[in-house]
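One structure below.
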Ligand code: MSP
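Numbering (the working numbering), first residue to last: 1 to 511.
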């Protein structure tokens, strides 16, 4: 990470069909990290976009009887709209059909040529259009007379054509050395081991151009060849920063990228090809690749070709975006595949959002409205039970930055929701309503600590449930510039005289 700058990306989406829950999942994870880092006072640049070249898109456009660019314009917009529906806080939405991207890819290609890593030959082997990936013979299985990739299950076809190759084999030892020196380059570690073992087993040179179709960026000075869509697509991370203009402020501030969030299906491209291309071009590789698991439907990866798609837009309409974001981040375990269902979504909304955090906010705000005219004064007294809650909270917040830094979202959320649980329990035990008549000071004391806890929990949950948490922070009259994580050193967030506004119901219980 350069100074205080944090550059985070999602994979850019193939605009070949409608967005599904897997896309939503990848994007929300990245958004949560982006928002967390912003709240922690980092200068964040968050990128997403669409991957518009290659045979897969050309074929999808042909199916619709549309010119590829017209087709891409339409579907790219659907993905751009998705960023709004998911409440993503991206700073840019890149399209690989943009001119600046074309310039960037051409420069990267020229650099690889200059390094002596590109040569012309012939590719003979298996190719999956759906994955836009080449597969070795030992990665192919046969079922009912058809050949499939054993890795992704996608159908493969035999390809024989003239192609430029990248000397990936020459990078094998340098990559192993790089992984060794950068132990946290691939997270989780199980994935890191997979990659290291794959590289150790031997790398073959990689075909990086195609001649049998036209939809893509042409190889410089050779119109017959279109640049391999993965070399093209990966470069988006650079073109968004206006590479090759290395004096550009964005490039200077944000390269190398801090974190590429990707699904495990595209790990090989990001963790092997990408650093090899960058090292060959004399550019620094990103700091980290975080590879999440798949959202499953039944036991299968959710995908258009398998027709088992849960539509994120329908879920957002029916349950709400914060609800979907919270559920995906809490319930799908770090780095593993996760089976999702409406039943578990509803249970999660009820137990954590409606009954726990939502209830905590509602009961405290409405009590203060009804009994204190919306104003609470902090007192200097700290009782044993107050101290216990403060200490327990500090214990739970102690490792939160570390958990986020390890991309361990589940543990992060668990700790924060535990704070909410403890605060609800504190109110039950301390019974502020009992002090209404005889001990106003104690009542104020309890309520001010409860509000302080609510402010902390809301800031901590803000990256995950931005809408609801912002409502609470606004109702607490907490200024934007105070909604950051500096309280993690143990200090208070709210002033001594806390004036609140009315808070409407945050999460409806699902019956
Ligand atoms: N265009 C490439 C990425 C290029 S990045 C330089 C691509 N696009 S994609 O639209 O197929 O997938 C985008 C992201 O969604 C990937 O991270 C992929 O892993 C993720 N998901 C797609 N289906 C998924 C699930 N069912 N579950 C979780 N994520 C999966 O790959």
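Even for Gly, the Cβ is constructed at its ideal location relative to N, Cα and C.
Three-state secondary structure (DSSP) at residue 88? coil
According to DSSP, simplified to helix, strand and coil, what is residue 339? strand
Report the rounded CA-to-CA distance for residue 411 versus residue 274, giving the unit in angstroms. 30 Å
Just how far apart, CA to CA, sit residue 186 and residue 178? 11 Å
Taking the alpha carbon of residue 388 as the reference point, which residue from 449, 146 and 280 has its own alpha carbon closest? 449
Could you pull the DSSP bridge partners for residue 50 from this structure? 13 and 95
Going by the C-beta, is residue 255 closer than 7 Å to any heavy atom of the ligand MSP? no
CB-CB length for residue 156 against residue 126, believed under 8 Å: 4 Å
Relative to the C-alpha of residue 241, which residue among 6, 204 and 17 is closest? 6
Do you know offhand how far residue 385's Cα is from residue 314's? 45 Å
Please tell me whether, using a cut-off of 7 Å, the distance from the CB of residue 424 to the nearest non-hydrogen atom of the ligand MSP is below it. no
Looking at residue 26 and the ligand MSP, is the gap between the Cβ and the nearest heavy atom below 7 Å? yes
Cut-off 7 Å between Cβ atoms - residues of its own chain near residue 35, not counting five sequence neighbours on either side: 89, 462, 463 and 466
Thinking C-beta only, is residue 493 closer than 8 Å to residue 482? yes
Would the beta-carbon of residue 81 be found less than 7 Å away from any heavy atom of the ligand MSP? no
Tell me whether the beta-carbon of residue 83 lies closer than 8 Å to the beta-carbon of residue 71. no
For a quick check, are the C-beta atoms of residue 289 and residue 270 less than 8 Å apart? yes
Could you give the residue range of the beta strand (DSSP E) that holds residue 261? 259-263
Can you look up residue 489 in the DSSP assignment and give me helix, strand or coil? helix
Could you give the residue range of the alpha helix (DSSP H) that holds residue 476? Element bounds for residue 476: n/a, residue is neither H nor E.
Separation of residue 454 from residue 329, as counted between CA atoms: 21 Å
Are the CB atoms of residue 168 and residue 204 within a distance shorter than 8 Å? yes
Using a Cβ-Cβ cut-off of 6 Å (strictly less than) and excluding sequence neighbours within five positions of residue 485, which residues of its own chain qualify? 39 and 40
Residue 223: first and last residue of the uninterrupted beta strand (DSSP E) it sits in: 222-227
Rounded Cβ spacing between residue 265 and residue 152 (contact assumed at less than 8 Å): 6 Å
Which listed residue (278, 148 and 335) has its alpha carbon closest to that of residue 25: 335
Any chance the stretch 221-229 sits against the stretch 252-265, with 3 or more Cβ pairs inside 8 Å? no
Just to confirm before moving on: does the CB-CB distance between residue 128 and residue 154 stay below 8 Å? yes
When DSSP labels each residue in this structure, what does residue 32 get in the three-state scheme? helix
Residue 140 Cβ short of 7 Å to the ligand MSP heavy atom set: no
Which residue from 232, 216 and 235 puts its Cα closest to that of residue 226? 216
Does the distance from the CB of residue 140 to the CB of residue 146 come in under 8 Å? no
On the DSSP letters alone, give me the boundaries of the beta strand (DSSP E) that residue 166 sits inside. 157-166
Could you check the C-alpha separation between residue 49 and residue 11 for me, to the nearest Å? 8 Å
Checking contacts by CB at 8 Å: is residue 446 closer than that to chain D? In summary, chain D is missing from the structure at hand, where a single protein chain is found.
Is the Cβ-Cβ distance between residue 243 and residue 208 less than 8 Å? no
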